[in-house]
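Going from the sequence shown to our numbering is simple: count from 1 and add 920.
To start, the structure under review is shown below, and the notes come after it.
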Amino acid sequence: MRLYRQFDLNLENLKINNFNDVPRAINEIPILVEKLIKNLSDKGYEVVKEGVHFTGLPQSITIIKDFTGPFVTNFSIKVKDDFDALSKTLGIESLFE
């Protein structure tokens, strides 16, 4: 069975409150998102970025994993847990929901 989970970009959590935050949003956050995608790929997930936004961030990230056996539903929770843990480690846990 092939499981996937889509995470949509949450623009409200970019927190661009003033002009000084703009360079971070444009330069640092896309790099952190790419690290998130690489880390997920290293864990064996196929990662699909969709709808690139003007800041270079995808509007959504879909992660896909092939599983077989009766415990497939448990792995759906693992996909979310891995995504949440890796994005939290990078400090961008609320960027996608």
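The beta carbon of each residue, even a glycine, is placed where N, CA and C say it ideally should be.
For clarity, every value in this text was computed on a predicted model and none was experimentally measured.
Among 960, 1014, 991, 928, nearest to residue 972 - alpha-carbon criterion: 928
From 1000, 1014, 978, 1008, residue whose alpha carbon lies closest to that of residue 946: 978
Per DSSP, cross-strand counterpart(s) of residue 926: According to DSSP, which records beta bridges pairwise, residue 926 is partnered with 982.
Residues near residue 1012 in its chain [Cβ-Cβ closer than 8 Å; skip 5 each side]: 949, 952, 953, 956
Residue 1003 versus residue 989: straight-line alpha-carbon distance, rounded: 22 Å
Closest Cα partner of residue 975 within the set 921, 925, 931, 922: 931
Of the residues 933, 924, 1017, the one placed nearest residue 965, counting alpha carbons only: 924
Nearest-angstrom Cα separation, counted from residue 1016 out to residue 933: 9 Å
DSSP three-state assignment for residue 1017, whether helix, strand or coil: coil
Per DSSP, cross-strand counterpart(s) of residue 966: In the DSSP output, where bridge partners are listed per residue, residue 966 has 984.
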